[in-house]
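Residue numbers (the UniProt record's numbering): 1 to 297. Beta carbons are placed, not taken as given, at the ideal position from N, Cα and C, and that holds for glycine.
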């Protein structure tokens, strides 16, 4: 028993498995049973302790994971109340009353054209250069809005050498020349571009035939004098002053005469708009009543 007590007293210094192994062969059966019981109890205590530590570690890990998850989770976006955009204030005009087609202040180029060029009594500009420019632009406008053409006007002036019809007639003769023009910012319509080259040559030939001393770009008694033949003629029938027209007998004659001379894109409707714009008196609406540019014909 003393031996057993000695072993029990020193159990903290010896591993249980080692003490059990030593005493298993030499100690009495009762002592061995006691030692086994003590070892079993100690092992259970150890397992319980380890289980408790494991449980605590698991709890700590779980807490840490929750904490990490909470920190790593994307923050919810803060809801921002939708901002109602206030409508833009209407553009303020200059107080002038214009024809309805030019009355929108969002189109300043159109307003400027209406105010400074369109349908001036006796014409705004009589030079050959200007009348040729207007002829080309009216042809380009077919199927488009006039505002679109006005926005491309500077591109036309650059591409057409400020509408030098002499230079166009002698410089642009091949499809390659046509393609070069189509690379610019003009209306990209091959037929209209080809027509402009043809019209430049026909324009030169008309001036040389009818007004040989007025073929210069800035001469004012060349094509302007030619257009005087297409003013409206006195008529006994009275027309409603608010009636719109798209062609007239005069525009029909002008269209036919120009086509005979080789001009292209000069249909009667285009020629009616051309005569109105140039200031050649025609039947139908000019500047409407109430427009600050209105004049009695």
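Beta-carbon separation of residue i and residue j under 8 Å?
{"i": "residue 254", "j": "residue 284", "result": "no"}
{"i": "residue 217", "j": "residue 164", "result": "yes"}
{"i": "residue 187", "j": "residue 140", "result": "yes"}
{"i": "residue 150", "j": "residue 113", "result": "yes"}
{"i": "residue 270", "j": "residue 117", "result": "no"}
{"i": "residue 169", "j": "residue 195", "result": "no"}
{"i": "residue 278", "j": "residue 227", "result": "yes"}
{"i": "residue 127", "j": "residue 292", "result": "no"}
{"i": "residue 159", "j": "residue 265", "result": "no"}
{"i": "residue 99", "j": "residue 215", "result": "no"}
{"i": "residue 178", "j": "residue 190", "result": "yes"}
Distance cutoff 8 Å, beta carbons only. Does residue i sit that close to anything in chain C?
{"i": "residue 226", "result": "Protein chains in the displayed structure number just one, and chain C is not present."}
Quick one: is residue i buried, meaning 16 or more other Cβ sit within 10 Å of its Cβ, or exposed?
{"i": "residue 102", "result": "buried"}
{"i": "residue 161", "result": "exposed"}
{"i": "residue 210", "result": "exposed"}
{"i": "residue 222", "result": "buried"}
{"i": "residue 233", "result": "exposed"}
{"i": "residue 176", "result": "exposed"}
{"i": "residue 110", "result": "buried"}
{"i": "residue 171", "result": "exposed"}
{"i": "residue 205", "result": "exposed"}
{"i": "residue 122", "result": "exposed"}
{"i": "residue 183", "result": "exposed"}
Given 7 Å as the limit, tell me if residue i has its C-beta closer than that to any heavy atom belonging to the ligand FAD.
{"i": "residue 144", "result": "This structure lacks the ligand FAD, and indeed carries no ligand of any kind."}
Alpha helix (DSSP H) containing residue i: first to last residue?
{"i": "residue 96", "result": "Element bounds for residue 96: n/a, residue is neither H nor E."}
{"i": "residue 148", "result": "146-151"}
{"i": "residue 194", "result": "190-210"}
{"i": "residue 256", "result": "249-260"}
{"i": "residue 285", "result": "No alpha helix (DSSP H) holds residue 285; DSSP gives it neither H nor E."}
Can you tell which of the options has the C-alpha that lies nearest to the C-alpha of residue i?
{"i": "residue 248", "options": "288, 111, 280, 106", "result": "280"}
{"i": "residue 275", "options": "125, 107, 109, 110", "result": "125"}
{"i": "residue 229", "options": "250, 173, 213", "result": "250"}
{"i": "residue 130", "options": "156, 173, 107", "result": "156"}
{"i": "residue 185", "options": "260, 148, 152", "result": "152"}
{"i": "residue 133", "options": "225, 203, 267, 108", "result": "203"}
{"i": "residue 107", "options": "166, 148, 174", "result": "148"}
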